[in-house]
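Here the structure comes first, spelled out in structure tokens, and everything after it is commentary.
Number of protein chains: 2
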Amino acid sequence: MARRPISRSFSKKAPAASPGLRLFRLPGLPEIQRGDDLAAHIANAARKAGQQFENSDILVVAQKIVSKAEGALVQLTNVSPSPQAQAIALRQKKDPRLVEVILQESRRIVRTDPVLIAETHHGYVCANAGVDHSNVPGDDTVTILPRDPDRSAKNLAAALLKRARKRIAVIISDTFGRPWRLGLTNVAIGASGLPVLLDLRGTRDRHGKPLTATVLAVADELAAAAGLLMGKSEGSPVILIRGYRYKPSSELATRIIRPAAEDLFR
Amino acid sequence: MARRPISRSFSKKAPAASPGLRLFRLPGLPEIQRGDDLAAHIANAARKAGQQFENSDILVVAQKIVSKAEGALVQLTNVSPSPQAQAIALRQKKDPRLVEVILQESRRIVRTDPVLIAETHHGYVCANAGVDHSNVPGDDTVTILPRDPDRSAKNLAAALLKRARKRIAVIISDTFGRPWRLGLTNVAIGASGLPVLLDLRGTRDRHGKPLTATVLAVADELAAAAGLLMGKSEGSPVILIRGYRYKPSSELATRIIRPAAEDLFR
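Protein chains in written order, with my numbering: chain A, 190 to 455; chain B, 190 to 455.
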């Protein structure tokens, strides 16, 4: 990065054409069951897709299959809704047992109308505290977010290192909505092995001026990129990203949570 | 997509390994000047990078160079700050002329502390109404967002079609912050030729259950993916995305703006 003002044309200083970034689906995973060895399933899927893992590869794994492997599922038939859950369910025309699970997964309810937005015990703010019944077999089962998605990512990275002998970074992702923009984007809720926030403060722009307020949420951008191939119903919960240059890091995805003092909406 | 419940294992139904998604930098652009033909510069950069455009390619172009080409720059020496701008500038230790430009670019100030968050005339909510002085030559010049980024995208796509005879979708992007999560991500503020929101409602998950509330902000995910290669100071404001399957669309990026009635924070 330029440390002092440089001349107008960059043509001569342009980097050579890079191989760029590549993203691949690893299709063919079976329906994941509690206790399944995700690393084994992923390695198997990679082999069938003709992919050899390389050091610095990044795997983005949808939260849903991590929750299933970890048994982070709740049977609604076992749930007794509280009066608060019943009141919210009535207003929102939701299953009161589902609302009860959402309340149990939340440390703060941000708002209840028109949608239930909660802060999870991890600190993530999202609709329904991440409780979801899509892509779950049966009508009365919902998934909840993994208890510690950063640990899930770390465990999966360690298992892949052991199995494939490659240092592979892992992002656990989920699709979250945003306040001012419609639609969901895939974001990181767990990470292992790569930077979550890339702090460019202290570096300079191409005219040599210091860059202020420039911290890039690269784990979220990686998750978003993977989201383009995951779809929602296509059974592609594991995406391999290759060619993204990063320094190995032990940063946790929870680092991305805006501290309460900086939260613009408290 | 599955229209009825299907069996547990997807192994046999898995799609064949796809070529996946590829992203390339188109480096070597000169410093863009007012009136420059962006399509010509981009075609030239692609040629130098050894890339032949293909139908359905997607170009993600950083707002900064679009603003420069369109002359969307303001000389601060020509700006007289209003009393309101002076008051905000004093509290935030900012240049009152910069604050004045931000106010002029805003139709609503969402908050002023700790950062100035504004709703632009387009309806985008972001820090400083998109007014920025990084990557601009000179100390007293700032860029503002293009007046109509969707039109900028459409014009660029039309110019590329004429020049390269390929139907190329265009996203104009900028890096925005988010309320609950730290860091900036690259998002779409202009679009031409591709869907901005991908509505999966009415489709079913892999267990045959209808997917509710599943509208994916694919233009933002494409912009985020490109953001991984753009960096901030590396002079890579144009990223080519290849391999993303989409139906051509005339949807505008402004469609992504959450209507006031649905805005969770009004």
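Note that CB positions come from ideal geometry on N, CA and C, so glycine has one too.
Residues of the region 356-369 of chain A whose Cβ lies closer than 9 Å to any Cβ of chain B, in chain order: The residues in question are Thr364, Phe365, Gly366, Arg367, Pro368 and Trp369.
Note down, in chain order, every chain A residue with its Cβ under 9 Å from the Cβ of B/Leu386. Indexing the second sequence from 1 puts residue 386 of chain B at position 197. Taking a Cβ-Cβ threshold of 9 Å, the residues of chain A close to B/Leu386 are Leu371 and Gly372, in chain order.
Leaving aside the five residues before and after A/Ala318 along the sequence, list all residues of the same chain whose C-beta is less than 6 Å from its C-beta, in chain order. Sequence index remark: in the first sequence, residue 318 of chain A carries index 129 (1-based). The beta carbon of A/Ala318 is closer than 6 Å to those of Ile291, Glu294, Ser295, Ala307 and Thr309 in its chain, skipping five residues each way along the sequence.
Local Cβ density within 10 Å of B/Arg300, reported as buried at 16 or more and exposed below that: Taking the first residue of the second sequence as 1, we reach residue 300 of chain B at position 111. Per the 10 Å Cβ criterion, exposed.
Can you tell me the Cβ-Cβ gap for B/Glu440 and B/Val385, rounded? I've got them flagged as a contact below 8 Å. Sequence index remark: in the second sequence, residue 440 of chain B carries index 251 (1-based). Sequence index remark: in the second sequence, residue 385 of chain B carries index 196 (1-based). Yes, they are in contact, since the Cβ atoms of B/Glu440 and B/Val385 sit about 5 Å apart, within 8 Å.
Inter-residue Cα distance where the pair is A/Ala316 and B/Phe365: Translated into the one-based positions of the first sequence, residue 316 of chain A becomes position 127. Translated into the one-based positions of the second sequence, residue 365 of chain B becomes position 176. Roughly 21 Å between the two C-alpha positions.
Give me the Cα-Cα distance between B/Val250 and B/Leu349, rounded to the nearest whole angstrom. Here residue 250 of chain B is taken as the residue at index 61 of the second sequence, counted from 1. Here residue 349 of chain B is taken as the residue at index 160 of the second sequence, counted from 1. B/Val250 and B/Leu349 have their C-alpha atoms spaced approximately 13 Å apart.
How would you label B/Arg370, buried or exposed, when you count the other beta carbons within 10 angstroms and need 16 or more for buried? Along the second sequence, read from residue 1 onward, the residue named residue 370 of chain B stands at position 181. Classification for B/Arg370: buried.
7 Å CB neighbourhood of B/Ala414 in its chain, flanking five on each side removed: Taking the first residue of the second sequence as 1, we reach residue 414 of chain B at position 225. Same-chain partners within the cutoff: Leu212 and Ile430.
Within its chain, find whatever has a CB closer than 8 Å to the CB of A/Arg264; leave out the 5 residues flanking it on each side and keep chain order. Against the first sequence, residue 264 of chain A aligns to sequence position 75. First, the residue type needs correcting, since residue 264 of chain A is Gln and not Arg in the sequence shown. In its chain, beyond the 5 residues on either side, Asp329 and Thr330 have a beta carbon closer than 8 Å to the beta carbon of A/Gln264.
Sheet register partners of A/Ser362 (DSSP bridge): Counting from one through the first sequence, the residue named residue 362 of chain A turns up at place 173. Note: A/Ser362 sits in a beta bridge opposite A/Ala251 and A/Ala377.
Under three-state DSSP, which class holds A/Asp226? Residue 226 of chain A sits at position 37 when you count from the first residue of the first sequence. A/Asp226: coil per DSSP, three-state reduction.
Run through the DSSP bridge pairs and tell me what A/Arg300 is partnered with. Taking the first residue of the first sequence as position 1, residue 300 of chain A is located at position 111. Per DSSP, the beta-bridge partners of A/Arg300 are A/Ile306.
Considering B/Ala348, what are the terminal residues of the alpha helix (DSSP H) in which it resides? Locating residue 348 of chain B in the second sequence gives position 159, where the first residue counts as 1. Per DSSP, B/Ala348 belongs to the alpha helix (DSSP H) from Pro338 to Ala353.
Quick check: is the beta carbon of A/Phe178 nearer than 9 Å to any beta carbon in chain B? Chain A is shown only over 190 to 455; residue 178 of chain A falls outside these bounds and no answer can be derived.
Can you tell which of B/Asp226, B/Leu218 and B/Arg223 has its C-alpha closest to the C-alpha of B/Ala235? The residue given as residue 235 of chain B occupies position 46 in the second sequence. It is B/Leu218 whose Cα lies nearest to the Cα of B/Ala235.
Can you tell me which residues form a DSSP beta bridge with B/Arg370? For the purposes of this step, residue 370 of chain B is taken as the residue at position 181 of the second sequence. B/Arg370 pairs with A/Ile446.
Taking C-beta to C-beta, are B/Thr374 and B/Arg390 nearer than 9 Å? As a position in the second sequence, residue 374 of chain B is number 185, starting the count at 1. As a position in the second sequence, residue 390 of chain B is number 201, starting the count at 1. Taking a C-beta distance under 9 Å as the contact criterion, B/Thr374 and B/Arg390 do not qualify as a contact pair.
For B/Asp171, which residues from the same chain have a beta carbon less than 8 Å from its beta carbon, with the 5 sequence-adjacent residues on both sides left out? Residue 171 of chain B is absent from the structure shown; chain B starts at 190 and stops at 455.
So what's B/Gln264 in DSSP terms, helix, strand or just coil? Here residue 264 of chain B corresponds to residue number 75 of the second sequence, with the count starting at 1. Looking at B/Gln264 - three-state DSSP - the assignment turns out to be strand.
Less than 9 Å between the beta carbons of B/Ala532 and B/Pro338, yes or no? Because chain B in this structure spans residues 190 to 455, residue 532 of chain B falls outside the shown range and cannot be described.
What is the DSSP secondary structure of B/Leu405, reduced to helix, strand or coil? In the second sequence, counting from the first residue as 1, residue 405 of chain B sits at position 216. Per DSSP, reduced to three states, the secondary structure at B/Leu405 is strand.
Exposed or buried, B/Lys257, counting other C-beta atoms within 10 Å across all chains shown (16 or more means buried)? Position 68 of the second sequence, counting from 1, holds the residue named residue 257 of chain B. By the Cβ-count criterion, B/Lys257 is buried, with 16 or more other Cβ atoms from all chains shown falling within 10 Å of its own Cβ.
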